[in-house]
Structures are given as C-alpha cells and as structure tokens.
Amino acid sequence: QSSEYNILVIGVPNMGKSSLINSLRRLHLKKGKATAVGGEPGITKAVLTRIQVSEKPLMYLVDTPGVLPPRLGDVEMGMKLALCGAIHDHMVGEDIMADYLLYTLNKQQQFGYVQRYGLGEACDHIEAVLKHVALAQGRTQKVTVLTGTGECSGGDLGIPGQLQPLLTLLLHPPPSPGNVNVTMLNYTAAAYQFLRDFRAGRLGRVTLD
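With the sequence shown counted from 1, adding 106 to any position gets you the numbering used here.
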C-alpha cells in the first residue's frame, strides 16, 4: 500500500521556505527549482500547487506566503524581524534599522564592521559608521544648489558636516549666478548597504537572539 504525504510549509516572510522546497527537490529528485525565491519578503504571494520533493516516500510540499501576527507588541522583536528581512525595510526605515544593527553588533562584540569599512575602532554613533560605509562603497549623490555655478565635492563629509559644501557656498559664493552641483554622501544608500552586508554574512556570523 503506497502512502502519499502532503505537507504545508509555513513561517514568517523571507525565512527560506521556498529555498527549502527547492533544495529538497534538488537533493532527492535531481530536478531544478520549482518555486521562485528572492532576498526580500513577498516573493511568494499565494498558496501554490503542491510540489513533489521525494519519490520514496512519495512526498509533496506546498509553498505559502509568509505570515506575521497582525500586531507586534514587542518593538525589539519587530526590529529583529526587520533586520532579517521579514518586514520591508521602508516600513521601518533603513536609518533606524542600521542604528539598531550597530547597537546589536557592539553589544555582542561583533566588530567585523570596523575592518570592513576602515574604522579605527568600534563606534557607537551610526552617523560616523555610515560615513565610512558611504566612502568605502562609493555611495554618493549630487544635489543641485541654486546659488552659483560650477561643481563642489563633499566626498569627505560627515554628519553634521554633510552640510559643509552648502556652508562653503554661502561663505565663498562663486563669481557668477547659477546652479551648483554638490556631491554629497548618500546616507540612506549607506544604511541599506550596511543592512545588506549584515544579511549576506559579510559582517560575521551574528545571531540576534
């Protein structure tokens, strides 16, 4: 008598449910992936048809969208879920998440970021860390200032020193009127890169709990 197993795979978003199904299918059936995967929540948008992952015993898995409680009463739990990619970054804020990540790394004495971004020592100030991230990864943006002509580079700026080129223009205005393109560090992009490096394991093996 043959037995058939049908198993529903459930869990929080972006925790590898689809990757698990594809891995089991590849391991036991030597077949390619049957369900889409990605590094952000919401790739699986509906309960899919069952996917065979084994012949003996005959086993099917059903992929499902990630689920979370309607409300997260614990703010710290929400931050940990966000850092793991279970919640879209923009819903929390990359800068807030980066600040909490730095706090967690320092608390656990995980100082891999110091060497990776060229800091002299561990730092508690997220602005200083993001400045080094932006410099190391080339995260810059051009801002147009309606006070003069030419270009001004602010590649070595920090917070609050990020306003330095604007102050320079006020103190030493260009000889003729017009627009000035100021190159400034992109701290939002730097925060996102900081999060990506953590999720990719480039800052070390870190457990949030």
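All C-beta atoms, glycine included, are put in the ideal place defined by N, C-alpha and C. Remember, it's a predicted structure, so these values are computed and weren't measured experimentally.
Leaving out five residues before and five after V173 in sequence, what residues of the same chain have Cβ atoms less than 8 Å from its Cβ? Taking the first residue of the sequence shown as position 1, residue 173 is located at position 67. Only residues of its own chain outside the window of five on either side were considered, and among them I116, G117, V118, P119 have a CB closer than 8 Å to the CB of V173, listed in chain order.
What residue does the beta strand (DSSP E) around L291 start on, and which one ends it? In the sequence shown, counting from the first residue as 1, residue 291 sits at position 185. First-last of the beta strand (DSSP E) with L291: 286–291.
Report buried or exposed for E200, applying the criterion of at least 16 other Cβ atoms within 10 angstroms of its Cβ. For the purposes of this step, residue 200 is taken as residue 94 along the sequence shown, with counting starting at 1. By the 10 Å Cβ count, E200 comes out buried.
Cβ neighbours of L187 in the same chain (closer than 8 Å, five flanking residues each side left out): As a first step, residue 187 must be located in the sequence shown, where it is residue number 81. Excluding residues within five positions, the ones whose Cβ falls inside 8 Å are V118, L174, L178, I193.
If we require 4 or more residues per run, which alpha helix (DSSP H) segments fall completely within the stretch 201–259? Those alpha helix (DSSP H) runs which fall completely within the stretch 201–259 and span 4+ residues are 218–222, 232–243.
In angstroms, rounded to a whole number, what distance separates the CA positions of K237 and C190? Taking the first residue of the sequence shown as position 1, residue 237 is located at position 131. Taking the first residue of the sequence shown as position 1, residue 190 is located at position 84. K237 and C190 have their alpha carbons spaced roughly 23 Å apart.
What residues are listed by DSSP as bridge partners for E110? Counted from its first residue, the sequence shown places residue 110 at position 4. As computed with DSSP, E110 is found in a beta bridge with L164.
Based on the DSSP output, what are the partners of Q158 in its beta bridges? The count along the sequence shown starts at 1 and reaches residue 158 at position 52. In the DSSP output, where bridge partners are listed per residue, Q158 has Y166.
State the DSSP-derived secondary structure class of I127, mapped to helix, strand or coil. As a position in the sequence shown, residue 127 is number 21, starting the count at 1. If DSSP states are grouped into helix, strand and coil, I127 belongs with the helices.
Measuring alpha carbon to alpha carbon, tell me which residue in A228, L207, A295 is nearest R305. For the purposes of this step, residue 305 is taken as residue 199 along the sequence shown, with counting starting at 1. Per the Cα distances, L207.
Considering just the uninterrupted stretch of the alpha helix (DSSP H) at K186, what are its terminal residues? In the sequence shown, counting from the first residue as 1, residue 186 sits at position 80. Here the alpha helix (DSSP H) through K186 covers 181–189.
Out of Q299, N112, T289, which one is the CA nearest neighbour of P163? Taking the sequence shown and counting its residues from 1, the one referred to as residue 163 is at position 57. Answer by Cα proximity: N112.
Go ahead and pull the three-state DSSP assignment for L301. Position 195 of the sequence shown, counted from the first residue, corresponds to residue 301. Reduced to three states, the DSSP call for L301 is helix.
Within the present structure, is the beta-carbon of V235 separated from the nearest heavy atom of the ligand FAD by less than 7 Å? By its list of ligands, the structure shown contains no ligand whatsoever, and the ligand FAD lies outside what it can speak to.
Can you check whether the CB of D169 is closer than 8 Å to the CB of L301? Looking up residue 301 in the sequence shown gives position 195. Looking up residue 169 in the sequence shown gives position 63. The answer is no: Cβ separation not under 8 Å.
If you drop the 5 nearest sequence neighbours on each side, which residues of the same chain put their C-beta closer than 6 Å to that of Q243? If you number the sequence shown from 1, residue 243 lands on position 137. In the same chain as Q243, and ignoring 5 residues on each side of it, the C-beta atoms closer than 6 Å to its own belong to Q299, in chain order.
Limits of the alpha helix (DSSP H) - the one that D195 falls within: Along the sequence shown, read from residue 1 onward, the residue named residue 195 stands at position 89. Start and end: 195–198.
Taking 7 Å as the limit between beta carbons, can you name the residues of its chain near N292, skipping five residues before and five after? As a working note, residue 292 is residue 186 in the sequence shown. For N292, where only same-chain residues beyond five positions count, the Cβ hits under 7 Å are A240, R245, T246, Q247.
If you drop the 5 nearest sequence neighbours on each side, which residues of the same chain put their C-beta closer than 8 Å to that of R156? Taking the first residue of the sequence shown as 1, we reach residue 156 at position 50. Taken in chain order, the residues that qualify are N112, Y166, L167, V168.
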